[in-house]
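Peer 1: Numbering (our numbering), first residue to last: 143 to 563. C-beta: ideal position from N, C-alpha, C; glycine also.
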C-alpha cells in the first residue's frame, strides 16, 4: 500500500518553498529601495508614479501573452528565464546605485525591463504549483506557501528598513550605498531561487489535454473566452479590475510619499510595509484555523471578499492623517489582516475552477487584473498628487473602495458566490 502523500515528504514543495522564500525577501528589498531611490533623485510624486507605471506597463501589455506562452512551453521553463533576466536587470540597478551613477532615465529603462520580465513571471509562478503538487495537497501547499511568503513580507521590509537606517546614518553618498546593497541582495535572490527551481520535477501528464494553439493571440482569446463563459469568475474579475484601477495607485504612490513627507525616513517606510506584511500573515493564520473548522462546508467567498473590502476602505481613509510611524503601522497591520483573511481562499478557488491546460492563461488574466492595471492608477495618482493633499488622496481612495464594495453587494451576483463543499 502506498503511503498517504504529504507536503513534508514532497521534494517539489520543499524546493518551491525555499526558492519562494528567498525570492520574496529579495522582492521586498526592491519594493522598499526603488521608490526611495526615485524620491531621493527627484523628490517628485509624479516621477515616482511614472517609474511605477513603467514597471507595470509591460506587465499590463504582455501578461496575457505570458499566460499563453506558459501553457505552451511549461511554467518551469518560462519562470526560469524570467529569473535570469530579472537577476541581470536588478544587478545593473545595484551597480549603478552603488557607483552613485543612477539617473532617472536609467531607472526608467531598467524599470521597463523588470516589468517585462514580471509579465511572464507572474503567470508562470502562479501556474507552477498545480503542475508540480498532487491535487489533494494543492490547497495545503497554497496556504503554506502564501503563509511563508507573508513571513518574507514581514521580515523583508524590516531587514530593508534596518539596512537603510544603518546605511543612511553613516553614508557619505546620502544612503545610495544602502540602496545599492538592497538591489544587490534582490539580484542574488533571483540567482539562488533559479537554482532551487531547477531541482523541481513537474508531475507527469494525466490524460490527454487539448493542445494550446500555435497562434498566441488565439490562445489568449481562448483564455478570455473561458473566463467570460464562467459568470461567477467573470463577475469577480470585473469587480477586482475596477478596484485595482480606482485605488491601486493610492497605496503604491501615496504611501512612500507619506513616509517621506510625514516621517522623513526610509526605515519608517520599511516599518509600514512590514506592519502590512505582519497583518497579512495573521489574517492567513486565522483563515487557516477557520478553514479546518469549516472543512467540507461551502464558504460564501463573494460576500466575504466584499465585506473585507468595505472594512479595508474604512482603514484607508485616515492614513493620510498619521504623524507617527506607529499610527500608520497600526492601520496597515489591520488592513493586511483583512487582505490575508481572503487571499488563500480566493487563489485556491480559481485554481480548482480552471482546467489544467488553461491554468496559465486564466491565472495571467487574474494577475493582469491585480497588477497589470496598476500602471494606469499609479500614473494618475502621481498626476493628481500635484494638486491634492495626502489626506485627500487616502480619504478619497477609502471612500471609493467602500462605495465599490457596497454597489457590488447590492447589484451584482457576487454576494452569492460560494466555494464548493
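Tell me whether the beta-carbon of residue 480 lies closer than 8 Å to the beta-carbon of residue 500.
Peer 2: It is not a contact, given that the beta carbons lie outside the stated cut-off.
Peer 1: How is the alpha helix (DSSP H) around residue 182 delimited, first residue to last?
Peer 2: Note, residue 182: alpha helix (DSSP H), 153-183.
Peer 1: Might you give, ordered along the chain, the residues of its own chain that have their beta carbon closer than 7 Å to the beta carbon of residue 350, omitting 5 neighbours on each side?
Peer 2: Unreliable placement is indicated for residue 350, whose pLDDT of 42 sits below 50; no coordinate value is reported for it.
Peer 1: Considering residue 510, what are the terminal residues of the alpha helix (DSSP H) in which it resides?
Peer 2: Neither: residue 510 is in no alpha helix (DSSP H) and is coded neither H nor E.
Peer 1: Does the separation of the CB atoms of residue 377 and residue 509 fall below 8 Å?
Peer 2: Not a contact, by the Cβ cut-off of 8 Å.
Peer 1: Could you check whether residue 220 and residue 262 sit closer than 8 Å to each other, using their CB atoms as the reference points?
Peer 2: The answer is yes: Cβ separation under 8 Å.
Peer 1: Note down, in chain order, each residue of its chain lying with its Cβ closer than 7 Å to the Cβ of residue 150, except the 5 sequence neighbours on either side.
Peer 2: Around residue 150: no qualifying Cβ.
Peer 1: Touching or not, the region 397-412 and the region 173-187, by the rule of three or more beta carbon pairs under 8 Å?
Peer 2: Output reads yes: the region 173-187 touches the region 397-412.
Peer 1: Near residue 543, what residues of its chain come up, given a Cβ to Cβ distance below 7 Å and the 5 sequence neighbours on each side ignored?
Peer 2: The residues are 385, 389, 451, 454, 455 and 458.
Peer 1: Quick check: what's the CA-CA separation for residue 291 versus residue 342?
Peer 2: Taking the straight line from one Cα to the other gives about 19 Å.
Peer 1: Could you tell me if residue 547 is buried or exposed, where buried requires 16 or more neighbouring beta carbons within 10 angstroms of its beta carbon?
Peer 2: Looking at its Cβ environment, which holds 16 or more other Cβ atoms inside 10 Å, residue 547 is buried.
Peer 1: When the Cα of residue 327 is compared with those of 494, 240 and 248, which residue comes out closest?
Peer 2: If we check each option's Cα against that of residue 327, 240 comes out closest.
Peer 1: Which same chain residues end up closer than 7 Å to residue 551 when comparing Cβ atoms and leaving out the 5 residues on each side of it in sequence?
Peer 2: Here the set comprises 448 and 557.
Peer 1: Is residue 210 closer than 8 Å to residue 380 when the C-beta atoms are compared?
Peer 2: No. Outside cutoff.
Peer 1: Three or more C-beta pairs under 8 Å: does that hold for the region 294-302 against the region 407-426?
Peer 2: Because the criterion of three Cβ pairs below 8 Å is met, the region 294-302 and the region 407-426 touch.
Peer 1: Of the residues 331, 249, 397 and 372, which one's Cα is nearest the Cα of residue 225?
Peer 2: Nearest of 331, 249, 397 and 372 to residue 225, Cα basis: 331.
Peer 1: Whose C-alpha, out of 534, 192, 533 and 260, is nearest the C-alpha of residue 223?
Peer 2: Comparing Cα-Cα distances from residue 223 to each of 534, 192, 533 and 260, the minimum goes to 260.
Peer 1: Quick one: is residue 418 buried, meaning 16 or more other Cβ sit within 10 Å of its Cβ, or exposed?
Peer 2: Buried, because 16 or more other Cβ atoms sit within 10 Å of the Cβ of residue 418.
Peer 1: Output yes or no for whether 8 Å exceeds the beta carbon distance between residue 518 and residue 387.
Peer 2: Yes, they are a contact pair.
Peer 1: So what's residue 201 in DSSP terms, helix, strand or just coil?
Peer 2: Correct three-state label for residue 201: helix.
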